[in-house]
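Undergrad: Below is the structure I would like to discuss, written out as structure tokens.
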Amino acid sequence: MSANKAYKCRIYPNTNQKKYFSKVFGCVRFLYNKMLSDKKDYYKNNRQNLITYPSKYKEEFPFLKEVDSLALCSAWIDLNFAYSNFFREIKKGNRVQGFPKYKSKKNRQTYRTNNQKNSIRIENGYIKLPKIGFVKLCLHRCIKDNALIKNVVVEKDTDDKYYISITVECLDTKNNNETKGDKKEIVGIDMSMKHFLVSSGGEKINHPKYLLKNENKLKKYQRKLSKRQKGSVNRAKSRLRVAKLHKKISNQRKDFLHKLSYYFVSNYKNIVIGNLSIKGMRKGMFGKSINDLGWSEFARQFT
1 MSANKAYKCR IYPNTNQKKY FSKVFGCVRF LYNKMLSDKK DYYKNNRQNL
51 ITYPSKYKEE FPFLKEVDSL ALCSAWIDLN FAYSNFFREI KKGNRVQGFP
101 KYKSKKNRQT YRTNNQKNSI RIENGYIKLP KIGFVKLCLH RCIKDNALIK
151 NVVVEKDTDD KYYISITVEC LDTKNNNETK GDKKEIVGID MSMKHFLVSS
201 GGEKINHPKY LLKNENKLKK YQRKLSKRQK GSVNRAKSRL RVAKLHKKIS
251 NQRKDFLHKL SYYFVSNYKN IVIGNLSIKG MRKGMFGKSI NDLGWSEFAR
301 QFT
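In UniProt numbering, the protein residues as written are 1 to 303.
This is how it looks when you write it as structure tokens:
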């Protein structure tokens, strides 16, 4: 039986590779926004859905030929997926799912590409990517020898660091009966504002509240950022300082949630989590505190 696993690692591109990544990010964003704009205009004029492909835009915009073609295809796939999600939720009567939005260069920049004929492989601390060659990689966990790389996502975060998410397909050799032998049968988990969670066994686990601990420092950095002149070097430095602090808080929160979810998965066969309307609670007066708790991410880690 095969299973897909993902590994997220830091990569350290050189100057030329950073320029190429910026070009790919820009081309993928441009193609996504252009296709979205064309589909909206066509529907407005003809009341029909426009079916188009990346190859059409390559003739009109030759600079798109300079980047990985599979990255451009991923933009087309993502746009179609966004449309499908929108119409599916409309049919269900759910108006929360919004219409596909334009991508901004101010947000996290990513592109996805697939492995074809060993075009993506890992060798001696480097990962080979299409059209760019080998990029230095910091791999903390060993990928199994029988694993097949399916695709990768290259990402530039808001703190100007580069990451790569590697999705692999590998044979699942674990025996489920053996792994569940020493576990308890079932546990119920109830989310709480006072304590992060209370289990049916009486365990009460408090949340470190990393955002609250760093709130004063964050406000100080944001005040300095607001006073900087737009487009200046000092504003760029202040923006990066704020982004790095946000990233630190996010990493601390994820580390806490992963360790906690691993504890429950390692000790219980079945886990039941109380059903909460987190979206509704976020709109209330405790919205910031609920976002800091990370209930949604904690529940997602069990799926």
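C-beta: ideal position from N, C-alpha, C; glycine also. Quantities reported herein were computed from a predicted structural model and do not represent experimental measurements.
Do Q109 and K156 have their C-beta atoms within less than 8 Å of each other?
TA: For Q109 and K156, yes; Cβs fall inside 8 Å.
Undergrad: In whole angstroms, give me the CA-to-CA distance for A82 and I90.
TA: Their Cα atoms are separated by approximately 12 Å.
Undergrad: Just reading off the alpha helix (DSSP H) that V24 is part of, what are its end residues?
TA: First-last of the alpha helix (DSSP H) with V24: T15 to N46.
Undergrad: From L245 to I51, what distance separates their C-alpha atoms?
TA: Cα-Cα distance, rounded: 43 Å.
Undergrad: Report the rounded CA-to-CA distance for A71 versus T113, giving the unit in angstroms.
TA: When rounded, the distance between both Cα atoms is 5 Å.
Undergrad: Quick check on F63: buried or exposed, where buried means 16 or more other Cβ atoms within 10 Å of its Cβ?
TA: Exposed, since its Cβ has fewer than 16 Cβ neighbours within 10 Å.
Undergrad: Between N146, K131, L293 and P13, which lies nearest to S69 when the distance is taken from Cα to Cα?
TA: Residue K131 is the option with its Cα nearest to S69.
Undergrad: Leaving out five residues on either side along the sequence, give the residues of the same chain with a beta carbon under 6 Å from the beta carbon of I249.
TA: Y210, L211 and N214, listed in sequence order.
Undergrad: What does a CB cutoff of less than 7 Å around R241 pick up in its chain, not counting 5 residues either side in sequence?
TA: Hits under 7 Å: Y221.
Undergrad: Just to confirm, is the Cβ distance from Y111 to N33 under 8 Å?
TA: Cβ atoms of Y111 and N33: not closer than 8 Å.
Undergrad: Give me, in chain order, the residues of the same chain whose beta-carbon lies closer than 7 Å to that of H207; leave out the 5 immediate sequence neighbours on both sides.
TA: Counting only Cβ-Cβ distances below 7 Å, and skipping sequence neighbours, we find F196 and L293.
Undergrad: Do the segment 143 to 152 and the segment 163 to 170 meet, that is, are 3 or more Cβ pairs less than 8 Å apart?
TA: Yes, the segment 143 to 152 is in contact with the segment 163 to 170.
Undergrad: Would you kindly work out how many angstroms separate the C-alpha atoms of residue 319 and C170, rounded to a whole number?
TA: This structure cannot speak to residue 319, because the chain is shown only from 1 to 303.
Undergrad: Using C-beta distances below 8 Å, list every residue in its chain close to S238, excluding the 5 sequence neighbours before and after it, in chain order.
TA: Same-chain partners within the cutoff: Y221, K224, L225 and R228.
Undergrad: Mapping the DSSP letters down to three states, classify Y53 as helix, strand or coil.
TA: Looking at Y53 - three-state DSSP - the assignment turns out to be coil, as it is neither helix nor strand.
Undergrad: Go ahead and pull the three-state DSSP assignment for L79.
TA: Helix.
Undergrad: According to DSSP, which residues form a beta bridge with F134?
TA: According to DSSP, which records beta bridges pairwise, F134 is partnered with K128.
Undergrad: Report the option in K65, M193 and S22 whose CA atom is closest to the CA atom of K288.
TA: Cα-wise, what sits closest to K288 is M193.
Undergrad: Would you be able to state if there are at least three C-beta pairs under 8 Å between the segment 126 to 146 and the segment 6 to 19?
TA: Flag = yes, the segment 6 to 19 and the segment 126 to 146 touch.
Undergrad: Measure the CB-CB distance between K183 and K269 and report whether it falls below 8 Å.
TA: Yes, they are a contact pair.
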